[in-house]
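Before any comments, here is the structure.
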Amino acid sequence: MSKNTRIALIFGGFVTAVAAAFYPIFIHPLTHKDEYRAVQKVNRAGINQADVQPVGKNVIYYSSTAEV
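Numbering (this note's numbering), first residue to last: 623 to 690.
Printed below as a string of structure tokens:
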């Protein structure tokens, strides 16, 4: 195997490993927004944000229809 081929395979393997690590963190949530919104709606049901917000901080409201 020539030196250039080996370097290309090592570099390609590194790029593949980085892409495989970032897929579940960034790509999947961005392509499945509705699923994540439904899960967050269930997880945050019954939680009053003002009760969990640190003292002295303003409560931040996000519209569920706003584009992210």
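For each residue, glycine too, the CB sits at the ideal point set by N, CA and C.
A quick note: this is a predicted structure, and the numbers were derived from the prediction, not measured.
With residue 632 as the anchor, note down where its alpha helix (DSSP H) starts and where it stops.
It spans 625 to 644 - the alpha helix (DSSP H) in which residue 632 sits, taken as one unbroken run.
Using only CA atoms, which one of 682, 656, 644 lies nearest to residue 670?
Closest option to residue 670, judged by alpha-carbon separation, among 682, 656, 644: 682.
One question on the structure: do residue 651 and residue 645 come within less than 8 Å of each other, judged by their Cβ atoms?
Contact check for residue 651 against residue 645 fails: the beta carbons are separated by 8 Å or more.
For a test of the three-state rule: what should DSSP assign to residue 677, helix, strand or coil?
If DSSP states are grouped into helix, strand and coil, residue 677 belongs with coil.
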